[in-house]
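A.B. asks: Numbering follows the numbering used here, with no gaps: position 90 of the sequence shown is 160. Beta carbons: idealized from backbone N, C-alpha and C, even for Gly.
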Amino acid sequence: MTKKVLVIGASANPDRFSFAAIHKLIQYGHGVVAIGNKDGVVNGIKIETNKTIFTDIHTVTLYINPNIQLGYYDYLLQLNPKRVIFNPGTYNKELESLLKNKGIAVIENCTLVMLDAGSF
Numbered sequence: 071m072t073k074k075v076l077v078i079g080a081s082a083n084p085d086r087f088s089f090a091a092i093h094k095l096i097q098y099g100h101g102v103v104a105i106g107n108k109d110g111v112v113n114g115i116k117i118e119t120n121k122t123i124f125t126d127i128h129t130v131t132l133y134i135n136p137n138i139q140l141g142y143y144d145y146l147l148q149l150n151p152k153r154v155i156f157n158p159g160t161y162n163k164e165l166e167s168l169l170k171n172k173g174i175a176v177i178e179n180c181t182l183v184m185l186d187a188g189s190f
């Protein structure tokens, strides 16, 4: 089943994991939207620099550290995705609690590994 996925911390830098995630999500047939701190395009996906209110987001995958996440709490709760994936280095207990309290599933894993393992 394809999902609409928001990549937060997206980067047009090929050395970044978020760059690889966008490519792999598209490869596996998922719809992708992206937010980052710099404009750019990755595999045809425009990186937004504002907290755009996207509709029907199934999964948010995080590539920003917990300090930066503070500015995204209200935004994530407003989007109300089905789940949020904390990639390695992004886990945040406070945000996890806020998400779970709203009924949003929380996964601490690597999006790239999940896609390849068929567990995404």
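At a cut of 8 Å, does the segment 97 to 117 reach the segment 159 to 166 through at least three beta carbon pairs?
C.D. replies: no
A.B. asks: Using DSSP with H/G/I as helix, E/B as strand and the rest coil, what is Ala80?
C.D. replies: Taking the first residue of the sequence shown as 1, we reach residue 80 at position 10. Ala80: coil per DSSP, three-state reduction.
A.B. asks: Of the choices Thr125, Ser189, Tyr143, whose alpha-carbon is the least far from that of Leu132?
C.D. replies: Residue numbering aside, residue 132 sits at position 62 when the sequence shown is read from its first letter. Checked all of Thr125, Ser189, Tyr143; the closest Cα to Leu132 is Tyr143.
A.B. asks: Can the beta-carbon of Thr129 be found closer than 8 Å to that of Lys152?
C.D. replies: If you number the sequence shown from 1, residue 129 lands on position 59. If you number the sequence shown from 1, residue 152 lands on position 82. Yes, Cβ-Cβ distance for Thr129 and Lys152 is below 8 Å.
A.B. asks: Take the Cβ of Val183 as the centre, count every other Cβ of all protein chains shown within 10 Å, and call the residue buried at 16 or more, exposed below.
C.D. replies: Numbered from 1 along the sequence shown, position 113 holds the residue referred to as residue 183. Looking at its Cβ environment, which holds fewer than 16 other Cβ atoms inside 10 Å, Val183 is exposed.
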